[in-house]
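Residue numbers (this note's numbering), protein chains in the order written: chain A, 225 to 282; chain B, 26 to 392.
Each residue gets a CB set at the ideal place from its N, CA and C atoms; glycine is no exception.
Computed from a predicted structure; not experimentally measured.
Notes follow once the structure below has been shown.
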């Protein structure tokens, strides 16, 4: 993976997604819950992609 | 960053982590089943079934439930009344004194349609109760809780310092790079960095809200001494209202709901308890919409006259305490959120364990 946005580019995006997810879930049920799931899933997806890339780079 | 600065931050990260890691590992492990405690409790539901009554059977007055509970345990006084959402049941807590120690109280579940007890709630029974107490205070009461609070603060410091030292470690690496061609220690270092930085916000929020939750008794005591005392100033100096002089709970409930239309009662705190004054029924009302459900407002009703004395929203620290519960438990976004919570918790366990491994294998690396 390239150094997109410097060292903290991707981590900041993940952090913002997480906090947005945590707050939106509090605000209601239904559609905003989906926003919460997506936001919380994003760090997991990023980890999965990074691990996959490392395995294939071998 | 200067080498000396990096070294200082590394030192902070190492020691704040090492001191709290054992406890944090335990908290992450016990927290995992607790995420699903609703489902686990439901699967092992041994609550006696309720009497079969017509669907439109009306609810009996609240005062009848109080009489039922007190009759079960003569010599005790009512402390709290709460309402089940999933069945027509009201729970009444009784004890010999208004602020009893742990285990010195009884919770009676009462059928709202018959005012007959459907069983006692033993919150300390079962494996989930053991796990919960390990997670909350290690069976050590308030000191145990506050100790966890301190460990949580160290954990927060370890997260912050971890984010700081992430920068120098990643200077030549891209996000997620795992140097698979290097030693095992380097591979684990890269994994520790990846998992740690990607979940830093979640771990930080769950950690910080956990710390706030350890302060629940403390903050409630502050609220009682500060806001509640101000709201009930006219009653200052009066002796506590004896139980025999308490009026109707139903009347208090009507007065509270009339004062705050569009709210639902969460629980009623009787005079003398932690959540009320010596002279009032405190009816704790919650908003009826998802966004306001977490916001509780106590309506203080003179226990003798049944009239509203005061009603004021909770101060910021009680609001923070209240919001810290869902943000710590992850129970506000249905099952997918619980599953994500569990996955993130497992990643936190890997980060903690790999941190210990990196520390244990440090000599080999420097040799």
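Is the CB of residue i under 7 Å away from at least one CB in chain E?
i	result
residue 248 (chain A)	Among the protein chains of the structure shown, namely A and B, there is no chain E.
Would you give the residue range spanned by the beta strand (DSSP E) that residue i belongs to?
i	result
residue 131 (chain B)	130 to 136
residue 327 (chain B)	321 to 327
residue 335 (chain B)	333 to 336
In the DSSP assignment, what residue or residues form a beta bridge with residue i?
i	result
residue 145 (chain B)	B:133
residue 117 (chain B)	B:106 and B:133
residue 288 (chain B)	B:312
residue 37 (chain B)	Paired residues: none, contrary to the question.
residue 294 (chain B)	B:105 and B:307
In chain order, what residues of the same chain lie with their CB nearer than 8 Å to the CB of residue i, ignoring the 5 residues before and after it?
i	result
residue 181 (chain B)	229, 232, 233 and 236
residue 194 (chain B)	214 and 218
residue 88 (chain B)	273, 274 and 275
residue 58 (chain B)	65, 153 and 156
residue 124 (chain B)	297, 298 and 299
residue 188 (chain B)	222 and 225
residue 277 (chain B)	293, 306, 308, 326, 328 and 331
residue 61 (chain B)	363 and 367
residue 84 (chain B)	113, 137 and 138
With a threshold of 7 Å on Cβ separation, who are the neighbours of residue i within its own chain once the five nearest residues in sequence on each side are excluded?
i	result
residue 264 (chain A)	242 and 245
residue 164 (chain B)	158
residue 305 (chain B)	257, 296, 325, 326, 327, 328 and 334
residue 345 (chain B)	237
residue 23 (chain B)	Shown here, chain B extends from 26 to 392; a query on residue 23 (chain B) therefore has no answer.
residue 220 (chain B)	372, 375 and 376
residue 392 (chain B)	Note that residue 392 (chain B) scores 42 on pLDDT, short of 50, meaning its location in the model is unreliable; the coordinates nonetheless yield the value given after this. Nothing meets the Cβ criterion.
residue 319 (chain B)	347, 348 and 351
residue 20 (chain B)	Given a span of 26 to 392 for chain B in the structure shown, any question on residue 20 (chain B) remains unanswerable.
residue 257 (chain A)	249
residue 270 (chain B)	329
residue 82 (chain B)	138
residue 38 (chain B)	183, 186, 187 and 190
Which residues mark the beginning and the end of the alpha helix (DSSP H) in which residue i is found?
i	result
residue 306 (chain B)	Segment 305 to 312 is the beta strand (DSSP E) holding residue 306 (chain B); no alpha helix (DSSP H) there.
residue 257 (chain A)	255 to 281
residue 155 (chain B)	152 to 161
residue 343 (chain B)	341 to 354
residue 237 (chain A)	233 to 251
residue 381 (chain B)	359 to 385
Take residue i and list the residues in its own chain whose beta-carbon comes closer than 6 Å to its own, dropping the five residues that flank it on each side.
i	result
residue 229 (chain A)	none
residue 211 (chain B)	204
residue 281 (chain A)	none
* Asked: Taking the runs of the alpha helix (DSSP H) that are 4 residues or longer, which of them lie wholly in the stretch 62 to 93 of chain B?
  -> 62 to 68
* May I have a chain-ordered list of the alpha helix (DSSP H) segments no shorter than 4 residues that lie completely inside the stretch 39 to 63 of chain B? => none
* Asked: Per the contact definition of three or more C-beta pairs closer than 8 Å, is the stretch 328 to 339 of chain B in contact with the stretch 349 to 360 of chain B?
  -> no
* **Every unbroken alpha helix (DSSP H) inside the stretch 241 to 275 of chain B [4 residues or more]** => 241 to 248
* Which ranges would you report for the alpha helix (DSSP H) in the stretch 180 to 245 of chain B if only whole runs of at least 4 residues count? -> 209 to 223 and 225 to 239
* To do: Kindly confirm or deny that the stretch 195 to 211 of chain B and the stretch 143 to 155 of chain B touch, where touching means at least three C-beta pairs closer than 8 Å.
  => no
* Do the stretch 364 to 373 of chain B and the stretch 307 to 316 of chain B make contact, defined as three or more Cβ pairs closer than 8 Å? -> no
* To do: Could you say if the stretch 26 to 34 of chain B and the stretch 257 to 273 of chain A meet the contact criterion of at least three C-beta pairs nearer than 8 Å?
  => no
* Would you say the stretch 42 to 55 of chain B touches the stretch 370 to 383 of chain B, given that touching needs at least three Cβ pairs under 8 Å? -> yes
* Determine contact between the stretch 71 to 86 of chain B and the stretch 132 to 141 of chain B, defined as no fewer than three beta-carbon pairs at a distance below 8 Å. => yes
* Take every Cβ of the stretch 171 to 181 of chain B, pair it with every Cβ of the stretch 116 to 126 of chain B, and state whether three or more of those distances are shorter than 8 Å. => no
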